[in-house]
Amino acid sequence: MLVGQLAYLQIVYGGKFQAEVNRTDKTVMTGSVPRGMIYDSKGRLLVGNSTQNAITYTKSGSVKSTDIYQIVNRLTKYLTVEKTNLTNRDKADYILSAPGKSAKVIKQMPKSYRVNSSGDALTSTKIYANEVKYVEQQGIHLNDKDLQRATLFKKMSSAYSLSTVFLKDKNLTAKEIAEVSEHLTELPGISIGSNWERDYPQGTSIESIIGGVSTEQQGIPDDELNTMLASGYSRNDRVGTSYLEKSYESILSGTKSKREVQVGSNNQIKKSKVVYKGQKGGNLNLTIDSSFQKKVQDALNTQYSAAKSAGITQYSDGAYVVAMNPKTGAILAMAGVHNNPKTGKTSEDALGVINRTFVMGSAVKGATVLGAMMDGVISPSNNTLADEPIYLPGTPVKKSVYPIGTFSSLSAVQALQFSSNEYMMALAMKEANAKYTANTYIKMDSDIFSKLRGYFNQFGLGVKTGIDISGETKGIEGATLNSSGELKTGSALDLSYGNYDAYTLIEMAQYISTIANGGYRMKPYIVQSIQKTKDDGTKGALTSVTQPKVLNKVGFTNDELDVVKRGMYAAVHGSGYWTTATRLANIKPAVAAKTGTAQSFYYDPDNPSSDPPETITTSLVSFGPYSDPNIAMAIVFPNLTSESGSYPQLLAKQIYTDYYKMTGQK
């Protein structure tokens, strides 16, 4: 009967069984492609890819740990790899994967490692955990070559089925490539491929703006894992993790290659072929001229070094500058220096322009004056006010930097020229319908903070600018009520002349650009266009070009704007000892500006103090040429111990000189 049954199966179903043995399934595997390039406004390569040869491993579906062990031991005859930080568990996994080793260890283990207290066999998972424990207890002693093998074993074992990992892609020698290539038939899953690294041919002055790319080991960031997996990414894909690389990830990453793999019934890869070679990532063309960017960064470094030499950076956390085209919002340059007050070491920090906030001081007064005009408390023809200090109970006198009584009254133009705090406070009091008696009493409308900030917001102060770099923060608003729930009237006065709320420097640049261009708040941007890559690696057709975007139109009249622009021109070109920005007076074509000085305090996070050291933050906003502005800039030197030196003005002067020379303006 048995012989008959076997004969029946062989005759009737033999062909079907043989077909099952020979059966293959087709699976599509994806592969990475080179990341897109980033160029400056003149077509110079800022960020490229340096390609390196690589040894790769593609894991088949049914590979066993003993198979990987044997591949690793063969591979290390021809390849030397860098040892990684291996845990004892990693080392034990490698040791136990040797043929017959696991069975030998199980026999040697105490009985309690194999069965529970009732005499029942433990699960295979628990037994393996005890195998690892036993190996660790016996002591793990691996030589240098074994540690290399354990490193490779960990990489190959942790790979997903039918996924490819890089085993070595740095410092790979020609001899290693040749020997591995010669023995590929005895190294299942091993291939010769290539990988890439980001490089920066023009230097790293804006590397922080560009951002970073994850390694294969890091893969997709945890906070974006589900979203990116749903979009077709693999866990170990290299992706942009910050700033431009992250904001334009979908463009820069390109389209993955596709390879059709035939997998046999034993889950081994039988053959594969490329069905789509993929599309290299698109290229970004930036608005920044790398030559001008370098000049701006060098000029900033020079002025900050001068401040250091003057001994006033004891508590300073750096200095920052950003220049943009006020008509379009295109960023022309963005530079920063970060200083560690404890060590005195500096580093490049262009990102501080968009993610750090500072109390800017009088540089915001242009928005204060225009807000008051829009509110109707002054007008282009009637804007002269008494220049008097404010005396509040329990508070130092609120006044301008010049002595009390220097001016009996000032017009709006003069108030900007001489940077009168008293004038700005008078405007705020008018807008708040304030009732004031010196040293005893001041009452304001409860909406004064929202009113002042509402006007500031129209210029971009205190709101995100919308720049196309991830990680932008917005300004910080101070409290409007004290601990007793009462309106902080004194702080409302401080707000009017820029000594209360904090703003980012990109907000300051957007604000001064809005004044320079006639009232249009433009969205800043750093990517001018996106371009395809041809098969030969050269730049292809443009796929998109950034169009200037108006976020809002501020509701002042041309006559009202003219008052503020003339005030900023007078701050540079006016006469009088207290004129604030005269170091810019000899620039041709002529420019306008507004300086800022704010009282600040040094905060040490490692040693908080109830009485922190007082510091000075100096700032500047400016635009030029005055008659037809095509550059606007904002500068800040926070937390100095003295306001002497006029570093923002000296920096602005050098930037204008370089920019006018570069653009041929006279």
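Residue numbers (the UniProt record's numbering): 1 to 666.
Glycine included, every Cβ here is placed at the ideal spot set by N, Cα and C.
All of these numbers come straight from a predicted model, not from anything done at the bench.
Hey, how far is the Cα of residue i from the Cα of residue j?
i	j	result
I631	K532	30 Å
N355	S242	13 Å
A585	D375	32 Å
K345	S600	22 Å
L452	G540	49 Å
E176	Q70	18 Å
Q547	T328	8 Å
A386	T437	15 Å
D559	K588	25 Å
T663	Y656	10 Å
residue 690	D349	For the chain, the structure presents residues 1 to 666; residue 690 sits outside this window and is missing.
V21	S158	At V21, the pLDDT of 48 sits below 50, so the modelled position is not reliable; the number obtained from the coordinates is stated separately. Looking at the two C-alpha atoms, the distance is approximately 29 Å.
A571	G203	37 Å
Y320	F358	11 Å
T343	A479	33 Å
K42	L152	44 Å
A415	V550	30 Å
A434	Y520	31 Å
G491	L392	With the sequence shown as reference, residue 491 is identified as Ser, and Gly is not the correct amino acid for it. Cα to Cα, the separation comes out at about 11 Å.
T595	N283	39 Å
K666	L487	51 Å
T641	L493	24 Å
Tell me whether residue i sits in a helix, a strand or coil according to DSSP, three-state version.
i	result
K523	coil
N53	strand
V165	strand
S194	strand
L46	strand
D40	coil
E348	strand
V21	Unreliable placement is indicated for V21, whose pLDDT of 48 sits below 50; the coordinate value is still reported in the next sentence. Reduced to three states, the DSSP call for V21 is helix.
V353	helix
Q599	strand
N339	strand
T255	strand
E614	strand
S420	coil
G240	strand
A434	coil
I140	coil
residue 717	Because the chain in this structure spans residues 1 to 666, residue 717 falls outside the shown range and cannot be described.
Tell me, to the nearest whole angstrom, how far the beta carbon of residue i is from that of residue j; I am working on the premise that it is less than 8 Å.
i	j	result
V33	K256	6 Å
I140	N88	6 Å
S619	I635	6 Å
residue 668	T313	Outside the shown range of the chain, which is 1 to 666, sits residue 668, and nothing can be said about it.
D237	I251	Actually they do not touch by this definition, with Cβ atoms about 15 Å apart.
L46	Y39	6 Å
K246	S529	That belief does not hold up - the Cβ atoms of K246 and S529 are roughly 19 Å apart, past 8 Å.
V165	K154	Contact doesn't hold; Cβ gap of about 10 Å is too wide.
A412	G498	About 16 Å; that fails the 8 Å criterion.
When the Cα of residue i is compared with those of the options, which residue comes out closest?
i	options	result
A426	N130, K399, K588, K91	K399
D536	K280, S250, K258, T58	K280
Q108	R521, I127, G203, D120	I127
T504	T480, F456, I476	I476
G394	I442, T543, L561	I442
A652	N639, A593, Y602	A593
A98	I68, K83, T80	I68
R74	Q10, Y113, Q148, M424	Q148
For residue i, count the other beta carbons within 10 Å of its own beta carbon; 16 or more makes it buried, fewer makes it exposed. Which is it?
i	result
A103	exposed
residue 668	Residue 668 lies beyond the stretch modelled for the chain, which goes from 1 to 666, so this question has no answer here.
K474	buried
G462	buried
T538	exposed
Q297	buried
N439	exposed
Q649	buried
G405	exposed
A330	buried
V115	exposed
N517	buried
R23	Only weak support exists for where R23 lies, its pLDDT of 48 falling under 50; the value from the coordinates is given anyway. Exposed, because fewer than 16 other Cβ atoms sit within 10 Å of the Cβ of R23.
P396	exposed
P403	exposed
G211	buried
Using a Cβ cut-off of 8 Å (strictly closer), state whether residue i contacts chain D.
i	result
S362	Here there is only one protein chain, and chain D is not present.
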